[in-house]
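Q:
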Amino acid sequence: MRCWPHVLVAAAAVAAKRRQGTSQWSTPVVVVPAHYREWGRSPPWATKLPPWASLYIYQRTKKGAPRYSPNYGYEAGVHLQFIKEHYDDLPELVVFTQAKPVQHNPLFFDALKCLNSKTNYTSLNWNYQTRGTTYWRKFALQGVVEQCWRDVLDAFGVRLPPKKEPVASFYCCAQMAASRDMIRRHPRSAYEKAYAMLGGAGACHEGELDWATLSVYASSRTRKWDAPRYNRHTAGAWEHLNHVILGDEPLNSRRRARARIPRCAPSDFGSRWRTPS
């Protein structure tokens with residue numbers, strides 16, 4: 019087995035800081051981008067981050083190397099892995115992003131600067147959408163995706179009414195900020211279950227679909243079993259449901275009533291960050 023001594027040393031240092039009641043994070047805000055090969059070791063937009071925000075980057079190409087995240091589940095795999103790995107020592111605020119944030123919000127870095135110590139949860143995108151699971155009917159996966167949504171929300175104690183199509187109103191594309199306290203509203207085990215369903219190599223749902231609760235009926239036009247090859251569809255549960263899981267919002271969340279161009283006072287994080295040692 020290949021050994022990475024510096025990883026063990028880093029892990030020991032983190033454990034020591036936890037025992038001392040201190041944190042591994044040098045800034046109150048940590049940005050966690052999900053990328054594959056969009057850039058190299060560091061994103062070209064790293065210099066646009068405010069000084070009170072730092073990066074935590076996973077890589078998805080070298081198994082066994084530091085910070086490896088298997089290339090499953092798109093951004094869900096990376097985001098959920100970060101939560102389950104750092105649950106006991108989360109930064110004050112976590113910003114989850116895509117590899118190229120401005121593709122989804124040209125004013126992403128302006129919105130980032132509006133975050134402050136009172137931020138609990140907010141989307142950092144502006145593309146508001148409403149989508150139900152009938153969207154996947156064209157792939158014969160309406161039942162598979164609905165089952166996955168139900169299973170993921172079940173892991174977090176959210177029960178959807180049976181025999182009614184889930185319809186999500188949400189801000190597209192999984193770029194959001196969530197505070198440590200909001201993340202910890204749910205136990206680590208819930209995120210571990212969600213990671214296994216969305217970020218792993220298996221199917222989101224094991225066994226035949228639960229037709230007694232689904233809004234769709236078994237037919238020749240509907241897949242009756244989930245399978246790992248459908249992950250590219252089921253992993254979208256994170257994009258459609260993170261406002262429920264992290265933000266404690268209803269499935270059909272309301273559109274924000276504010277301008278697209280962020281206007282805010284200087285963040286109070288600016289007076290509290292410490293220079294990395």
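Anchor point for the sequence shown: position 260 equals 278 in our numbering, and the numbering is continuous, going up by one each time. Glycine residues also receive a C-beta, built at the ideal position from the N, C-alpha and C atoms.
Distance check for P88 and G82, CA to CA, integer angstroms please.
A: 10 Å
Q: Under 8 Å between the Cβ atoms of I101 and R85?
A: no
Q: Where R168 and P179 are concerned, what is the direct C-alpha to C-alpha distance, given to the nearest angstrom?
A: Rounded to whole angstroms, R168 to P179 spans 9 Å at the Cα level.
Q: Which full runs of the alpha helix (DSSP H) of 4+ residues lie inside the stretch 79-145, going along the chain?
A: As far as the stretch 79-145 is concerned, its whole alpha helix (DSSP H) runs of at least 4 residues are 92-104, 126-130.
Q: Hey, would you say A173 sits closer than 8 Å to A230, going by beta carbons?
A: no
Q: Report the partner residues of T148 according to the DSSP bridge assignment.
A: S187
Q: Answer with buried or exposed for P124, where buried requires no fewer than 16 other C-beta atoms within 10 angstroms of its C-beta.
A: exposed
Q: From A253 to L216, what does the alpha carbon distance come to, in whole angstroms?
A: 5 Å
Q: According to DSSP, simplified to helix, strand and coil, what is P246?
A: In this structure, P246 counts as helix in the three-state DSSP scheme.
Q: From what residue to what residue does the beta strand (DSSP E) around L73 run?
A: 71-73
Q: Under the rule that 16 or more other beta-carbon atoms within 10 Å means buried, what is E224, buried or exposed?
A: exposed
Q: What beta strand (DSSP E) runs, 3 residues minimum, are completely inside the stretch 163-217?
A: The beta strand (DSSP E) runs of length 3 or more contained entirely in the stretch 163-217 are, from start to end of the chain, 185-189, 194-197.
Q: Can you tell me whether V262 is buried or exposed, with buried defined as 16 or more other CB within 10 angstroms of its CB?
A: Buried, since its Cβ has 16 or more Cβ neighbours within 10 Å.
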